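In our numbering, the protein residues as written are 20 to 230.
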Amino acid sequence: MARLRAPNGCPWDLEQDHQSIAECLVDECSELLETIDNLDMDHMKEELGDVLLQVVFHSQLAKESEHFDFEAVAREVNDKLIRRHPHVFGDSSAEDSEQVLHQWEEIKAQEKKNGSQSNNVFKNLPPSLPALMYAVDIYKQIQKQDLPAGSLVDEDSIETLTNSIDEETAGALLFEIAAACRRKGIDPESSVRRYSRAVKSETEALASEGD
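Listed below in structure tokens is the structure:
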């Protein structure tokens with residue numbers, strides 16, 4: 020990658036910056052997810068390499084601007100794994116996966132507290148999350164923090180669905196909703212994202228009133 024970005028390297032690679040290749044990362048991750056869904060191990064190996072290439076590319080760009088390099092990226096995640104697994108690398112203990120996840124979240128929360136995390140009741144969710152993932156994360160935070168979700172979240176309806184749904188049914192329902200949106204000229208991604216943001220805003224407002 021350093022050679023591709025060198026003065027006599029590839030003209031296309033030389034023209035790129037973090038923003039111009041951001042969409043490539045989304046595309047490569049989507050292709051990787053498809054191989055995971057299909058358990059297509061041969062192509063999974065290839066797609067993992069393509070995702071890794073994006074990490075290497077961004078790292079090289081950062082190195083050229085003297086921010087960090089690939090080694091720093093690897094060291095950062097290595098340190099994080101050690102820090103968040105004290106039951107393996109330290110003196111803590113965790114008997115099962117539930118305790119591991121609880122400990123992980125506590126350590127993560129402390130890291131954010133020591134950093135630049137905002138005081139919002141929600142953690143800083145990546146704004147470019149796919150809409151369904153964004154919705155899941157919003158509801159996850161409502162559950163974890165026992166937040167007042169307000170009128171936009173129908174817990175009775177959610178409970179009814181929870182008791183009757185399985186993976187195949189969920190897939191069918193989501194597909195049918197997507198198809199109905201297509202017929203109606205509605206963008207389902209935008210709809211879910213807007214509604215999730217409305218839930219987030221109302222929840223934050225209600226939580227602020229309770230403080």
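Even glycine gets a Cβ: it sits at the ideal position worked out from N, Cα and C. Model, not experiment: these values are computed from the prediction.
Asked: Histidine 37 CB to nearest heavy atom of the ligand ZN below 6 Å; Found: The ligand ZN is not part of the structure shown, which contains no ligands of any sort.
Asked: Runs of alpha helix (DSSP H) wholly within the stretch 37-72 (minimum 4 residues, chain order); Found: 41-56
Asked: Per-residue DSSP class, three states only, for leucine 93; Found: The question names leucine, yet the displayed sequence has alanine at residue 93. Helix at alanine 93.
Asked: Leucine 58 burial status per 10 Å Cβ neighbour count (16 or more: buried); Found: exposed
Asked: Short Cβ contact (7 Å threshold) for arginine 94 with alanine 150; Found: no
Asked: Cβ-Cβ distance between serine 215 and alanine 154 below 7 Å; Found: yes
Asked: Spatial distance of isoleucine 184 from glutamine 118 (CA atoms); Found: 27 Å
Asked: C-beta atoms of methionine 20 and valine 74 nearer than 7 Å; Found: no
Asked: Under 7 Å between C-beta atoms of isoleucine 157 and valine 218; Found: yes
Asked: Length of the line joining the Cα atoms of glutamine 38 and leucine 72; Found: 16 Å
Asked: For asparagine 233, the first and last residue of its enclosing alpha helix (DSSP H); Found: What the structure shows of the chain is the stretch from 20 to 230, and residue 233 is not part of that stretch, so it cannot be assessed.
Asked: Among Cys200, Gln160, Ala91 and Val107, the one whose alpha carbon lies nearest that of alanine 226; Found: Gln160
Asked: For aspartate 175 and alanine 191, the rounded distance between their alpha carbons; Found: 21 Å
Asked: Spatial distance of glutamine 129 from glutamate 50 (CA atoms); Found: 34 Å
Asked: Residue closest to valine 140, alpha-carbon to alpha-carbon, out of Pro26, Cys29, Glu228 and Trp31; Found: Glu228
Asked: CB-CB length for glutamate 47 against glutamate 66, believed under 8 Å; Found: 7 Å
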